[in-house]
Each structure stands twice: as structure tokens, then as C-alpha cells.
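Note sheet for the following structure.
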Amino acid sequence: MKGLIVKDIELTKNQGKTLLILAVVIGVFLEISGIGSDFATAYITIIFSLFASTTVSYDEYENGFPFLLSLPVSRRDYVNAKYAFSGILILTAWIIGTVFGMVFRGIRGEEVFAPDKLGATIGYLAVSVVFVAVMLPLRLKFEGDKGKLILPLVIAGAGIILYGGVKLADLSGIDAEKEALRILNGMGTAGILGMLAALMVLAAGISWLCSRQIMMKKEF
Amino acid sequence: MMLEIKDLVKKYGDFRLECSLQVKPGQITGLIGENGSGKSTTFKSILGLIRPDSGTIRIFGKERSELDQTDRQQIAAVLSDSGFSGYLTIRDIIPILVHMYRRFDREYFQHQVKRFDLPENKMVKEFSTGMKAKLKLLAALGSRAKLFIMDEPTSGLDVVARDELLDLIREYMAENEDSSVLISSHISGDLESLCDDVYMIHEGRIVLHEDMDTLLSDYGILKVDEKQYAALDKQYMIRTKHEAFGYACMTDQKQYYMENYPGVVLEKGSLDSVITMMIRGDEP
Chain A
1 MKGLIVKDIE
11 LTKNQGKTLL
21 ILAVVIGVFL
31 EISGIGSDFA
41 TAYITIIFSL
51 FASTTVSYDE
61 YENGFPFLLS
71 LPVSRRDYVN
81 AKYAFSGILI
91 LTAWIIGTVF
101 GMVFRGIRGE
111 EVFAPDKLGA
121 TIGYLAVSVV
131 FVAVMLPLRL
141 KFEGDKGKLI
151 LPLVIAGAGI
161 ILYGGVKLAD
171 LSGIDAEKEA
181 LRILNGMGTA
191 GILGMLAALM
201 VLAAGISWLC
211 SRQIMMKKEF
Chain B
1001 MMLEIKDLVK
1011 KYGDFRLECS
1021 LQVKPGQITG
1031 LIGENGSGKS
1041 TTFKSILGLI
1051 RPDSGTIRIF
1061 GKERSELDQT
1071 DRQQIAAVLS
1081 DSGFSGYLTI
1091 RDIIPILVHM
1101 YRRFDREYFQ
1111 HQVKRFDLPE
1121 NKMVKEFSTG
1131 MKAKLKLLAA
1141 LGSRAKLFIM
1151 DEPTSGLDVV
1161 ARDELLDLIR
1171 EYMAENEDSS
1181 VLISSHISGD
1191 LESLCDDVYM
1201 IHEGRIVLHE
1211 DMDTLLSDYG
1221 ILKVDEKQYA
1231 ALDKQYMIRT
1241 KHEAFGYACM
1251 TDQKQYYMEN
1261 YPGVVLEKGS
1271 LDSVITMMIR
1281 GDEP
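Quick mapping for you: the protein sequence lines, in order, are chains A and B. Under the working numbering, the first residue of the first sequence carries the number 1, and numbering increases by one thereafter. Under the working numbering, the first residue of the second sequence carries the number 1001, and numbering increases by one thereafter.
Encoded structure:
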């Protein structure tokens, strides 16, 4: 399993470097243009985390899977390694994004260790985990050209669900934003963090089970 | 026995693979057949990439499903149509292999990489077909495994590159006498010069298994006209084929016909001629 994680790290060193530089440059631009003080942090965390599911494409490049699975690793090892690597990558992206936000808050003369801002970054971490949790099993299930469509479809799907939910709430006479804030305020910081932690564990757990099932059934 | 396949069956639509074969310790066993004859399906079954419909595959005396991590470390594969991601370089691949195979011989691998002038910092996707094939073989041999499964390792290579690869396998086997290789090819010359025994597969079935030395020394093709054919003793004939001049007849008792039918044209058996007769010929 360690060999597979090393493989993903080597791939990230080669391919992810450009993505990280691009994410940081865009992040700097977003900070300078004043779009939102934490938007750049969210951007770096989420975009770079997406690379975790992209490594599946590198594995399947030129029919790479048969060879990969003929190495001394099982299909279960492959799935475990992919999730372990995704965890490492998401956490690294989150730390980079958070440090980035702190540096720019310092530059702007704002409080660097602002608890509410740092709390918000946990939210970005949760979004990244959920996103990768959705992407990984889909990426393992659909290969080749179908696989390339997954990312835009998942992004579009998330937008439609969000928009649909807000619209539905509007039609029911509920102010979704106000209502969400009311619920979150009622939960308190510890409650929110607990909810996010549970969400991440649940999403990752279901995703891992689905991916394992997909890989066990596959023929190469 | 290093590898034992018994009554393996795998169906894909109209195609049905039915295969039994054995690979003994210290031997290089060849599997030869046309494209689509079932070679790759057999290899994929051995490597656990597909699920057979029935039959057993035993490696090192154990059922495939019972192999543990230590056993898996002793198996290495070379696949013609699959390899390391093209986005990795040889420099990236070394730590991966070191972590994959506990006994990975880094020194051997790096020495051979230099010997074959493979670029260490270039992405694999920029490699030529020959370079990719050499890398795959070196990675497998570097693992110091005991059983090598090589599916068309020389596919798409020119004569020189093919010879280099075959020499590498010969060198390795000379130094590691307890290792075994199951190798497939549709190029008979490759297997003729390399293998101890050979299985011939046609339309999903093993149609012949023979020691290579026996095949080359005892098999022969008799070229006879209608009259000579009628007079021939057919008990040692395996296949006959109607030709413009009369009949081509394959025997595994060349000596018998040489002694008893001195006037008959008899060509020495080669893997190519035996394959052609097994596939195109009829039972006498």
C-alpha cells in the first residue's frame, strides 16, 4: 500500500506542482482584488483537493490499471491507498490555504488568528472532503471519456441542488440564508464543528465503501 | 509446481477460453497463439485481473485467492499494453518499486537503466515503444520475483530490441535458476530460442503442449503427392493439410518416416510450421 501512496505523491510532485502554483497565483489575485478575504483560502483548499480524484486518471492513462494491480497490491490496498493519499492531500491543501489566508490577513493588518475565520476554514475542509468523497467512487466507476465528464457534472449537480434547495425554500416562504444562519447560531461553535466532523467521517466512510465495492467488482 | 492452471473457463460473448497448463520451477514456458486466441485472457486470470467462470489457478501450490503479501512479492508481470503511468519518470518509479517489492534490487535496476540508455528524467509517455518495453521488463526483473508472467513483452519491437529483451530474460534465468517464466508471444522465433516447453493455444483451447527440444528435433513436415500419401503409415501423423502438390503431413516421429520412407521430402519442424499445421491442418 505504501508503494501506491508513494506513486500518488510522485504524480502530485510532477503534475500537482503546476496546479498548486496556479491556485496560489489566483489566490493572490483574489486577495489583491478584494473579492473576499477568505475566498482565496477556500479556493486553494478545494481546487487543490480535487487533484486527489485526478490521480485516478493518471492511473488509468494508457490502460495503466492492469499493470498497477499486477504489482504486489490487492484491489483493497488500491482503494485504501487512494483514500489515505486523498486525506494527506486535502489536509496539506487545507493547511496551505489556511496559512495563505493568515498571511494575507497579517498583510492587511487584520487579526491573524481570528477564531471565526479559522473556524470557517474547517468548513472549506469539509467541502473538500465531501467533494472528493463524491468524486472518487464516480471516477473509479467511469473510465475514459465518461470519466472526464464527471467533474463538470458533479459541479453542475452541486449547483443545481443548492439552487433548487434555495428556490424550493423561497417558494415555501422560507428565507434559506436566514434560516441556515438561525440553525447554525443555535448550534454554537462546538455544535457546528461536531456536525462538520460527522459530515466528513460519514461522507468519507460511505465513499470508501462504495469505491471498495466498485473496485472489487471490476474486471481489467 | 510454480503455476498450475486446471480447467480454467472464461466466457466473453461467443469466445470461450478452456485452458490447463503448468509452469515448472526453473523453466521458461511459452504460450503461443494468434491474436484473440486467449493468451491475454489466460494471463489476466493468473494475475487476478478478471474472474474466471470456473477452474483453479494455483501459484506456489496455493489457490490464487489464498496468496498472501509474501507470495505476491514473488510474482512480477510484464504486460504489453499496460505499464506505469506515462506521467512518471524512471527517477519517480524507483522509490515506488522499492516500496512495492521488499527485495527490489535497486542496484541491478539502475545499472540496467544505464546499460540501455533509458532517460531517468524523461516522462514515460515520451519514451519510444522499445524504451517502454525495456523499462517494464527491468522493473519486473528488478523485483527479484520467482514467477514472471510476461504477456507479449516483445510486442511492437524491432528485431534488435527483441533480441536485447530476450537476452535480458536469459541472463536473469541463468543467474536465478529457481525462477520461472510464463511468456506469451505471437512471434514464434522469440519463443523457439527461449523456452523449455511451449503451449499452443487456438480459439481458446490448448491444442498442443511439447518440450521445445522435442518439438525441434522430433517434429517434421512430410511433403507428399496423392500416391505417396496413400502409401504412408499414418499412425504417427498428427495433422494433414491438403496442398497444391498433394499433402503436407505433420509428425512427431520424424525419425520413423526418415528411416521407412527415404524418398519422401521431410522438412524439419519449427514452431511456425507446427502452429500452421495445428491450426490449418486436419486430423488424419
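Even glycine gets a Cβ: it sits at the ideal position worked out from N, Cα and C.
Test item: CB-CB of residue i and residue j under 8 Å
i: leucine 1031 (chain B); j: serine 1184 (chain B); result: yes
i: leucine 53 (chain A); j: methionine 135 (chain A); result: Residue 53 (chain A) is actually serine in this sequence, not leucine. A contact, by the Cβ cut-off of 8 Å.
i: valine 1181 (chain B); j: methionine 1150 (chain B); result: yes
i: glutamine 1073 (chain B); j: arginine 1102 (chain B); result: yes
i: alanine 40 (chain A); j: phenylalanine 113 (chain A); result: no
i: methionine 1277 (chain B); j: lysine 1241 (chain B); result: yes
i: serine 49 (chain A); j: isoleucine 5 (chain A); result: no
i: serine 1085 (chain B); j: tyrosine 163 (chain A); result: no
i: threonine 1129 (chain B); j: leucine 1165 (chain B); result: no
i: isoleucine 1028 (chain B); j: aspartate 1190 (chain B); result: no
i: histidine 1186 (chain B); j: lysine 2 (chain A); result: no
i: lysine 146 (chain A); j: aspartate 38 (chain A); result: no
i: isoleucine 26 (chain A); j: serine 128 (chain A); result: no
i: glutamate 1120 (chain B); j: arginine 1091 (chain B); result: yes
i: leucine 68 (chain A); j: arginine 75 (chain A); result: no
Boundaries (first-last residue) of the beta strand (DSSP E) holding residue i
i: glutamine 1022 (chain B); result: 1015-1023
i: serine 33 (chain A); result: Counting along the chain, serine 33 (chain A) falls outside any beta strand (DSSP E), though it belongs to the alpha helix (DSSP H) covering 17-33.
i: serine 1180 (chain B); result: 1180-1185
i: threonine 1056 (chain B); result: 1054-1059
i: glutamate 60 (chain A); result: Glutamate 60 (chain A) -> not in any beta strand (DSSP E); alpha helix (DSSP H) instead, spanning 51-60.
i: glutamate 1243 (chain B); result: 1237-1243
i: leucine 1067 (chain B); result: Premise fails: leucine 1067 (chain B) is in no beta strand (DSSP E) and is neither H nor E.
Cβ distance (whole Å) where residue i is taken to contact residue j below 8 Å
i: arginine 1170 (chain B); j: leucine 1194 (chain B); result: 7 Å
i: tyrosine 78 (chain A); j: methionine 215 (chain A); result: 6 Å
i: glycine 1033 (chain B); j: leucine 1017 (chain B); result: With a Cβ gap of about 11 Å, glycine 1033 (chain B) and leucine 1017 (chain B) do not count as contacting.
i: glutamate 219 (chain A); j: isoleucine 1046 (chain B); result: Not confirmed; about 14 Å, so no contact.
i: glycine 1083 (chain B); j: aspartate 1178 (chain B); result: Not quite, the Cβ-Cβ distance comes to about 26 Å (not below 8 Å), so this is no contact.
i: valine 1274 (chain B); j: methionine 1258 (chain B); result: Incorrect: roughly 17 Å between the Cβ atoms, too far for contact.
i: leucine 30 (chain A); j: glycine 123 (chain A); result: Incorrect: roughly 17 Å between the Cβ atoms, too far for contact.
i: phenylalanine 1148 (chain B); j: alanine 1076 (chain B); result: 5 Å
i: phenylalanine 51 (chain A); j: threonine 12 (chain A); result: 6 Å
i: serine 1188 (chain B); j: leucine 1271 (chain B); result: 4 Å
i: alanine 176 (chain A); j: glycine 165 (chain A); result: 7 Å
Sheet register partners of residue i (DSSP bridge)
i: aspartate 175 (chain A); result: Partner(s): none; aspartate 175 (chain A) has no beta bridge.
i: phenylalanine 85 (chain A); result: None; phenylalanine 85 (chain A) has no bridge partner.
i: tyrosine 1199 (chain B); result: B:Leu1031, B:His1209
i: serine 1221 (chain B); result: Going by the sequence as given, residue 1221 (chain B) is isoleucine instead of serine. Paired residue(s): B:Met1250, B:Glu1267.
i: valine 1009 (chain B); result: B:Glu1018, B:Ser1054
i: isoleucine 1149 (chain B); result: B:Ala1077, B:Leu1182
i: glutamate 1004 (chain B); result: B:Gln1022, B:Arg1058
i: aspartate 8 (chain A); result: DSSP output for aspartate 8 (chain A) lists no bridge partner at all.
i: serine 1082 (chain B); result: B:Leu1079
i: aspartate 1282 (chain B); result: B:Thr1240
i: methionine 1123 (chain B); result: B:Thr1089
First and last residue of the uninterrupted alpha helix (DSSP H) at residue i
i: histidine 1099 (chain B); result: 1090-1100
i: valine 1078 (chain B); result: That residue, valine 1078 (chain B), is in no alpha helix (DSSP H); its beta strand (DSSP E) goes 1075-1079.
i: phenylalanine 65 (chain A); result: 65-68
i: glycine 119 (chain A); result: 115-141
i: arginine 1115 (chain B); result: 1106-1115
i: glutamate 1164 (chain B); result: 1159-1175
i: glycine 1130 (chain B); result: 1129-1142
i: threonine 1041 (chain B); result: 1039-1046
i: glutamate 1226 (chain B); result: 1226-1231
i: leucine 1191 (chain B); result: 1188-1192
Any chain E beta carbon closer than 8 Å to residue i
i: phenylalanine 220 (chain A); result: The structure shown contains no chain E; the protein chains it does contain are A and B.
Interfacial residues, the stretch 6-18 of chain A to chain B, with Cβ spacing under 8 Å: Val6, Lys7, Glu10, Leu11, Lys13, Asn14, Gln15
The stretch 138-156 of chain A: positions lying closer than 8 Å to chain B by Cβ: none
Residues in the stretch 1044-1069 of chain B having any Cβ partner in chain A nearer than 8 Å: Lys1044, Leu1047, Gly1048, Leu1049, Ile1050, Arg1051, Gln1069
Chain-ordered residues of the stretch 1149-1167 of chain B with a beta carbon less than 7 Å from chain A: none
Residues of the stretch 57-71 of chain A with Cβ closer than 9 Å to any Cβ of chain B, in chain order: Tyr58, Asp59, Glu60, Tyr61, Glu62, Asn63, Gly64, Phe65, Pro66, Phe67, Leu68, Leu69, Ser70, Leu71
Against chain B: residues of the stretch 36-48 of chain A by CB proximity under 7 Å: none
Contact set between the stretch 1087-1105 of chain B and chain A, restricted to residues whose Cβ is under 7 Å from the partner: Tyr1087, Leu1088, Asp1092, Pro1095, Ile1096, His1099, Met1100, Tyr1101
Residues within the stretch 1242-1270 of chain B neighbouring chain A, beta-carbon criterion of under 8 Å: none
Positions along the stretch 1009-1020 of chain B whose CB lies within less than 9 Å of some CB in chain A: none
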